[in-house]
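S.K.: Quick one: structure below, then a few questions.
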Amino acid sequence: MISPTLHTFHIPVMGLGFTIDTPIKVARFGISSVMSIVEDELAEQMRAFYSKQYRLPYTPISAIEDDYRAKRVTAYLNMVKQIVDAQVATLKALPFESGTEITKYFELLPNHLPIKQSYLQMLSTNNSIDKQTLQEQLRAAIIPGALDVNLMSKVDKNNYDSKGELLPAEYSDALAGLRGFANSNLESSIVFSAGYNPRLYAYVEKFNDFFPDENGVAKKKVILKVSDYRSALTQGKILAKKGIWVSEFRIESGLNCGGHAFATDGLLLGPILEEFKQNKAALEAELFGMCNQALAAKAQPLFTTAPALRITVQGGIGTTNEDQFLLEHYQANSTGWGSPFLLVPEATSVDSETLQNLATAQPEDYYLSNISPLGVPFNSFKKASSEIQRVQRIAEGRPGSPCTKKYLIANTEFSEQPICTASRKYQNTKINQILSTASICNVIDETIAKEVGQVVEKDCLCEGLGTSALLCHDIAPLRKVSKAVLICPGPNLAYFSGIFSLKQMVDFIYGRIDILNGVYRPNMFVNELNLYVSYFKKEIEKSCANITTAKTRQLRTFRENLLKGIGYYQDLTQYFKKESAKYILDMREQLLEAEAILKTLSIPGEIVQPALVAMG
Numbered sequence: 001m002i003s004p005t006l007h008t009f010h011i012p013v014m015g016l017g018f019t020i021d022t023p024i025k026v027a028r029f030g031i032s033s034v035m036s037i038v039e040d041e042l043a044e045q046m047r048a049f050y051s052k053q054y055r056l057p058y059t060p061i062s063a064i065e066d067d068y069r070a071k072r073v074t075a076y077l078n079m080v081k082q083i084v085d086a087q088v089a090t091l092k093a094l095p096f097e098s099g100t101e102i103t104k105y106f107e108l109l110p111n112h113l114p115i116k117q118s119y120l121q122m123l124s125t126n127n128s129i130d131k132q133t134l135q136e137q138l139r140a141a142i143i144p145g146a147l148d149v150n151l152m153s154k155v156d157k158n159n160y161d162s163k164g165e166l167l168p169a170e171y172s173d174a175l176a177g178l179r180g181f182a183n184s185n186l187e188s189s190i191v192f193s194a195g196y197n198p199r200l201y202a203y204v205e206k207f208n209d210f211f212p213d214e215n216g217v218a219k220k221k222v223i224l225k226v227s228d229y230r231s232a233l234t235q236g237k238i239l240a241k242k243g244i245w246v247s248e249f250r251i252e253s254g255l256n257c258g259g260h261a262f263a264t265d266g267l268l269l270g271p272i273l274e275e276f277k278q279n280k281a282a283l284e285a286e287l288f289g290m291c292n293q294a295l296a297a298k299a300q301p302l303f304t305t306a307p308a309l310r311i312t313v314q315g316g317i318g319t320t321n322e323d324q325f326l327l328e329h330y331q332a333n334s335t336g337w338g339s340p341f342l343l344v345p346e347a348t349s350v351d352s353e354t355l356q357n358l359a360t361a362q363p364e365d366y367y368l369s370n371i372s373p374l375g376v377p378f379n380s381f382k383k384a385s386s387e388i389q390r391v392q393r394i395a396e397g398r399p400g401s402p403c404t405k406k407y408l409i410a411n412t413e414f415s416e417q418p419i420c421t422a423s424r425k426y427q428n429t430k431i432n433q434i435l436s437t438a439s440i441c442n443v444i445d446e447t448i449a450k451e452v453g454q455v456v457e458k459d460c461l462c463e464g465l466g467t468s469a470l471l472c473h474d475i476a477p478l479r480k481v482s483k484a485v486l487i488c489p490g491p492n493l494a495y496f497s498g499i500f501s502l503k504q505m506v507d508f509i510y511g512r513i514d515i516l517n518g519v520y521r522p523n524m525f526v527n528e529l530n531l532y533v534s535y536f537k538k539e540i541e542k543s544c545a546n547i548t549t550a551k552t553r554q555l556r557t558f559r560e561n562l563l564k565g566i567g568y569y570q571d572l573t574q575y576f577k578k579e580s581a582k583y584i585l586d587m588r589e590q591l592l593e594a595e596a597i598l599k600t601l602s603i604p605g606e607i608v609q610p611a612l613v614a615m616g
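Okay, so the sequence shown: first residue is 1 according to the UniProt record's numbering, each after it adds one.
Next comes the structure, spelled out in structure tokens:
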């Protein structure tokens, strides 16, 4: 069973703090969103803040308590649900008058819904008895948006007790976060993102709420964020064999997204969506059979019928026509609109300085960086105060960040226990090693500068991605830390300028108004393709110095997939019924341009077959 939803879009997780309280802001209007539960300290600070705002009892959960991480997550999620439940109850009791939240609820809904038509009918009804009857029916139909959570599967360091002893595996970051959600009162979904974590997936089956009850309904569900069909099938089977049903595959563009960019092997979003569309029924049947077989082996209640399997898509959507095309042509159940909502204070927690910088940004202010300690490309913003701080620290001879939260510690090059490559300790040690080696080996200055530059490029995500939420609510940090904000919007935000109300953004999504800034914007599929072409060029450049047969093969596959994707898009343009002839012509020309560039790129190590010369 899938929780009902009225809106055809959702707000994905953004950073650690930008959407941590989004459900409190928008869930009462029926809008689904996703909170990050990676940062338990931030969740605890937000719980203290909102408990005071809503006059709720608050007992701090100290970091010296046993299982404090899971307890903090549970307490925060329970509070969010309590607040949203109260908001919805209040909203339902309001009069249908201009400016009230119950009126706003229905005004935000897409026009095609029967409930929206009932609302419009109520407004035009003059008979008081009929009007009252319709109003009561509308009140009964009100449902909040989903209160979903996100857990980055690979952010899963082991933890130690106060004596320095390694704690059992279930106290690791990811497992404790999952336990915090599982023990909460929420009846919603947890989104697993950033890849497969065997011990995390195995841990899910420890909690009965993920299994169906006697009515065939699971209180808590699993959503997998994936970048291609093969990954979805593989991970879906792993969970199905444990009796866990994946309620949704959330497909995200590999590069045209915010935050970490997990590039595919040149597989583009359109062909990926086509594969899901063609195989959804078979996928659903296969996973259903596996899931019930596993449930029977566990003596658990079975699903009487296959639960609904949602396919949703996000990453780079920027117009109502694109949104509708994804919903209609690919039969997606929902679309994710992330970065544009960073410009909506009613929906996300972005501090005023960062908000103004985003509202006036130019396309060149968005770029794909290597700042993440995870070693994964990261969509960054040049005007972020964290970037200014990073450069300033380098100039002062103090590169790196104080590592206080340690969520991304993974490097053991200089220590037995892992440290973070963005930390001051690591960067100073690594730079000294580079300089020492260089003096012995007579390495040229350009090589030294390049190697040092790669070290100091890393920045702290743990602090920077959560700071904005504290600044927005004037919450004092628990220790002396930087107030610099790190923000990670997708490149699609370049086409939006200004600060918008919730109604303006929702009306734009549904095609009721236009808020784009007038900058020429290619189709979302072309934008993603161009990002992949640029990425491919860089991969070739990086491979030139140390090419291997395997890397040559990988690059060749990458290019072949891109060329196949271009051919697919050329055929797809015939289905763009809502676009103008010029739009389609421009898109076809842009596809040809990308194709021409790809065909001129030479892959290192590739043997080019000479063209046959006709003899005559």
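Just so it is clear, CB atoms sit at the ideal spot from N, CA and C, and this is done for glycine as well.
(1) Would you identify the three-state DSSP class for ALA440, choosing helix, strand or coil?
(2) What are the boundary residues of the beta strand (DSSP E) that MET152 is part of?
(3) Which word fits ASN546, buried or exposed, when buried means at least 16 other C-beta atoms lie within 10 angstroms of its C-beta?
(4) Which residues does DSSP pair with PHE378 in a beta bridge?
(5) I need the DSSP call for GLY336, collapsed to helix, strand or coil.
(6) Under the three-state reduction of DSSP, which class applies to GLN314: helix, strand or coil?
(7) What's the gap between the Cα of VAL541 and the Cα of TYR171?
(8) Which full runs of the beta strand (DSSP E) of 3+ residues lie inside the stretch 7-78, going along the chain?
(9) Using the three-state DSSP reduction, which class does PHE207 fall into: helix, strand or coil?
(10) Hey, SER543 and LEU555 are a contact pair by Cβ (cut 8 Å); roughly how many whole angstroms apart?
(11) How many whole angstroms separate the CB atoms of SER385 and ALA484, which I take to be in contact at a CB cut-off of 8 Å?
(12) With a 10 Å radius around its C-beta and 16 neighbouring C-beta atoms as the bar for buried, classify VAL519 as buried or exposed.
(13) Could you name the residues of the same chain whose beta carbon sits closer than 6 Å to that of LEU269, not counting the 5 residues immediately before and after it, in chain order?
(14) Under 7 Å Cβ to Cβ from SER423, same chain only, skipping five residues before and after it: list those, please.
(15) Measuring straight from C-alpha to C-alpha, what distance separates GLU416 and LYS157?
(16) Between ILE272 and ILE251, which are expected to be in contact by the criterion C-beta below 8 Å, what is the C-beta distance as a whole number of angstroms?
(17) Hey, would you say LEU16 sits closer than 7 Å to LEU358, going by beta carbons?
(18) Give the single residue among TYR583, VAL313 and PRO489 whose Cα lies nearest to the Cα of GLU364.
(19) Suppose you measure from the CA of THR548 to the CA of LEU255; what does that come to, to the nearest Å?
(20) Answer yes or no: do PHE192 and VAL149 have a C-beta to C-beta separation smaller than 7 Å?
(21) For LEU151, which of ASN208, ILE448 and ALA70 has the nearest alpha-carbon?
(22) With distances taken between CB atoms, is the gap from PRO23 to LEU147 smaller than 7 Å?
(23) Along the chain, where does the beta strand (DSSP E) that runs through LEU224 open and close?
(24) Output the boundary residues of the beta strand (DSSP E) element that contains ILE190.
(25) Can you determine whether any heavy atom of the ligand GDP sits closer than 6 Å to the C-beta of VAL26, and answer yes or no?
(26) Are the beta-carbon atoms belonging to PRO110 and TYR510 less than 7 Å from one another?
(27) What do you reckon, are the CB atoms on LEU502 and GLU284 nearer than 7 Å?
(28) Can you give the beta carbon distance from PRO12 to VAL88, rounded, assuming they're within the 8 Å contact cut?
(29) Applying the criterion that 16 or more other CB atoms from any shown protein chain within 10 Å of the CB defines a buried residue, is VAL38 buried or exposed?
(30) With respect to the beta strand (DSSP E) encompassing ILE251, which residues constitute its N-terminal and C-terminal limits?
(31) Using C-beta distances below 7 Å, list every residue in its chain close to THR552, excluding the 5 sequence neighbours before and after it, in chain order.
(32) For THR90 and THR133, I'd like the C-alpha separation in whole angstroms.
M.R.: According to the structure data:
(1) Residue mapping note: residue 440 aligns to position 440 of the sequence shown, counting from 1. One detail in the question is off: residue 440 reads as Ile in this sequence, not Ala. Looking at ILE440 - three-state DSSP - the assignment turns out to be helix.
(2) The residue you call residue 152 lines up with position 152 of the sequence shown. 147-152 is the extent of the beta strand (DSSP E) around MET152.
(3) If you number the sequence shown from 1, residue 546 lands on position 546. The residue is exposed, with fewer than 16 neighbouring Cβ atoms inside 10 Å.
(4) Against the sequence shown, residue 378 aligns to sequence position 378. Answer is HIS260 and SER369, bridged to PHE378.
(5) Counting from 1 along the sequence shown, the entry for residue 336 is found at position 336. Three-state DSSP puts GLY336 in a strand.
(6) Counting from 1 along the sequence shown, the entry for residue 314 is found at position 314. Correct three-state label for GLN314: strand.
(7) As a working mapping, residue 541 is identified with position 541 in the sequence shown. As a working mapping, residue 171 is identified with position 171 in the sequence shown. The question names Val, yet the displayed sequence has Glu at residue 541. Approximately 42 Å, taken between the alpha carbons.
(8) 9-11 and 32-36
(9) Position 207 of the sequence shown holds residue 207. Residue state, collapsed to three classes: coil.
(10) On the sequence shown, position 543 is the one that residue 543 refers to. On the sequence shown, position 555 is the one that residue 555 refers to. Going by Cβ atoms, the distance from SER543 to LEU555 rounds to 7 Å, so yes, they are a contact pair.
(11) One-based indexing of the sequence shown puts residue 385 at position 385. One-based indexing of the sequence shown puts residue 484 at position 484. The pair is a contact, with the Cβ atoms about 4 Å apart (cut-off 8 Å).
(12) Translated into positions along the sequence shown, residue 519 becomes position 519. With fewer than 16 Cβ atoms within 10 Å of its Cβ, VAL519 is classed as exposed.
(13) Within the sequence shown, the letter at position 269 stands for residue 269. Counting only Cβ-Cβ distances below 6 Å, and skipping sequence neighbours, we find SER253 and GLU528.
(14) Position 423 of the sequence shown, counted from the first residue, corresponds to residue 423. Counting only Cβ-Cβ distances below 7 Å, and skipping sequence neighbours, we find GLY400, SER401 and CYS403.
(15) Within the sequence shown, residue 416 is the residue found at index 416, counting from 1. Within the sequence shown, residue 157 is the residue found at index 157, counting from 1. Cα to Cα, the separation comes out at about 14 Å.
(16) Working through the sequence shown from its first residue, we reach residue 272 at position 272. Working through the sequence shown from its first residue, we reach residue 251 at position 251. Right, the Cβ-Cβ distance comes to about 6 Å (below 8 Å), so this counts as a contact.
(17) Position 16 of the sequence shown holds residue 16. Position 358 of the sequence shown holds residue 358. Not in contact: LEU16 and LEU358 (Cβ atoms no closer than 7 Å).
(18) Taking the sequence shown and counting its residues from 1, one reaches residue 364 at position 364. The option with the nearest alpha carbon to GLU364 is PRO489.
(19) Within the sequence shown, residue 548 is the residue found at index 548, counting from 1. Within the sequence shown, residue 255 is the residue found at index 255, counting from 1. Their Cα atoms are separated by approximately 25 Å.
(20) Against the sequence shown, residue 192 aligns to sequence position 192. Against the sequence shown, residue 149 aligns to sequence position 149. Not a contact, by the Cβ cut-off of 7 Å.
(21) Taking the sequence shown and counting its residues from 1, the one referred to as residue 151 is at position 151. Nearest C-alpha to LEU151: ALA70.
(22) Within the sequence shown, the letter at position 23 stands for residue 23. Within the sequence shown, the letter at position 147 stands for residue 147. Yes, Cβ-Cβ distance for PRO23 and LEU147 is below 7 Å.
(23) Numbered from its first residue, the sequence shown carries residue 224 at position 224. Counting along the chain, the beta strand (DSSP E) containing LEU224 begins and ends at 221-226.
(24) Counting from one through the sequence shown, the residue named residue 190 turns up at place 190. Start and end: 189-193.
(25) Ligands in the displayed structure: none, and consequently the ligand GDP is not present.
(26) Counting from 1 along the sequence shown, the entry for residue 110 is found at position 110. Counting from 1 along the sequence shown, the entry for residue 510 is found at position 510. Yes, the Cβ-Cβ distance between PRO110 and TYR510 is below 7 Å.
(27) If you number the sequence shown from 1, residue 502 lands on position 502. If you number the sequence shown from 1, residue 284 lands on position 284. Going by C-beta atoms, LEU502 is not nearer than 7 Å to GLU284.
(28) For the purposes of this step, residue 12 is identified with residue 12 of the sequence shown, where counting begins at 1. For the purposes of this step, residue 88 is identified with residue 88 of the sequence shown, where counting begins at 1. No, PRO12 and VAL88 are not in contact; Cβ-Cβ is about 22 Å, not under 8 Å.
(29) As a first step, residue 38 is located in the sequence shown; it is residue number 38 there, counting from the start. Per the 10 Å Cβ criterion, buried.
(30) Residue numbering aside, residue 251 sits at position 251 when the sequence shown is read from its first letter. Unbroken beta strand (DSSP E) run through ILE251: 246-252.
(31) As a working mapping, residue 552 is identified with position 552 in the sequence shown. Around THR552: ILE603, PRO604, GLY605 and GLU606.
(32) Here residue 90 is taken as the residue at index 90 of the sequence shown, counted from 1. Here residue 133 is taken as the residue at index 133 of the sequence shown, counted from 1. Each residue's Cα considered, the two are about 19 Å apart.
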